[in-house]
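Chemist:
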Amino acid sequence: MAEENTLKIFKISLPLLPDPCSAAMFMNIIKIKTQAILAIALVSLISIFNLIIINPVLAAETSTGSKIFQANCASCHRGGANILIEQKTLEKTALSKYLENYENDPIKAIISQIQNGKNAMPSFKNKLSDQDILDVAAYVFQKAETGW
Ligand code: HEC
413 MAEENTLKIF KISLPLLPDP CSAAMFMNII KIKTQAILAI ALVSLISIFN
463 LIIINPVLAA ETSTGSKIFQ ANCASCHRGG ANILIEQKTL EKTALSKYLE
513 NYENDPIKAI ISQIQNGKNA MPSFKNKLSD QDILDVAAYV FQKAETGW
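Here the sequence shown is numbered in my numbering, starting from 413 and rising by one per residue.
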């Protein structure tokens with residue numbers, strides 16, 4: 413059926429085509445169009461898969477981090493801010509500027525700050541498990557990347 417239609421369009425357009433090479437060109441265009449439609453279908457399928465399968469996994473991981481953040485960090489860092497030292501926020505630009513090694517290894521740099529604390533920020537080494545620290549660091553990193 414699809415081929416019949418293609419043939420019909422081809423026959424109709426035949427007199428309009430300027431030279432014999434164009435017939436091959438026409439079939440090529442149809443081929444490229446079919447490939448493009450298949451590619452678009454594939455990309456749509458992948459995004460649907462992403463939405464259904466991958467996103468809830470990500471959401472689950474960061475929601476643990478989010479809870480730990482609300483319970484332990486939000487008193488000073490609500491919404492990624494810093495109530496004690498205004499400019500040392502958890503925004504990407506501040507982290508890149510003030511947090512040592514953030515540019516090279518962001519998650520590790522955040523983990524190190526949480527474990528050791530710094531000046532007015534307390535250490536969480538004895539308060540949170542390694543897994544909790546990893547979860548909350550991943551949460552902070554994700555928020556810094558996507559915006560608080
Ligand atoms: C008592 C308030 C307080 C709490 C609670 C606190 N912080 Fe902080 N945080 C600070 C202060 C103050 C600084 C700036 C330290 C400095 O460089 O002098 C800071 C800096 C940071 C930085 C580096 C930011 C930058 O721009 O340099 C990160 C990352 C961070 N905190 C994450 C956390 C996380 C995650 C938690 C929870 C586990 C937490 N903080 C809990 C006060 C706090």
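Beta carbons: idealized from backbone N, C-alpha and C, even for Gly.
#1: Sort out for me which residues DSSP pairs K530 with in a bridge.
#2: To which residues of the same chain is I522 closer than 8 angstroms at the C-beta, ignoring the five residues directly before and after it?
#3: Would K555 be called buried (16 or more neighbouring beta carbons within 10 Å of its own) or exposed?
#4: Looking only at its chain, what residues have a beta carbon closer than 6 angstroms to the beta carbon of W560, apart from the 5 residues adjacent to it on each side?
#5: Rounded to whole angstroms, what is the Cα-Cα separation between I526 and I497?
#6: Considering only the beta carbon of each residue, do N494 and C485 sit closer than 8 angstroms?
#7: So is the beta-carbon of N531 under 7 angstroms away from any non-hydrogen atom of the ligand HEC?
#8: Consider the C-beta atom of V455 and the heavy atoms of the ligand HEC; say whether any pair is separated by less than 7 angstroms.
#9: I'd like to confirm something about I449: is its beta-carbon nearer than 7 angstroms to some heavy atom of the ligand HEC, or not?
#10: At what residues does the alpha helix (DSSP H) containing Q499 begin and finish?
#11: Count the other CB atoms, across all protein chains shown, that sit within 10 Å of the CB of L454; report buried if there are 16 or more and exposed otherwise.
#12: By Cβ distance, which residues of its chain are closer than 7 angstroms to K445, with the 5 residues on each side in sequence left out?
#13: Spatial neighbours of P518 within its chain, please: CB distance less than 6 angstroms, with the 5 preceding and 5 following residues excluded, ordered by chain position.
#14: Can you tell me whether DSSP reads Y514 as helix, strand or coil?
Modeler: The structure says:
#1: M533
#2: L507, L511, Y514, A549, V552, F553
#3: buried
#4: G491, G492
#5: 16 angstroms
#6: no
#7: yes
#8: no
#9: no
#10: Neither: Q499 is in no alpha helix (DSSP H) and is coded neither H nor E.
#11: exposed
#12: none
#13: F553
#14: coil
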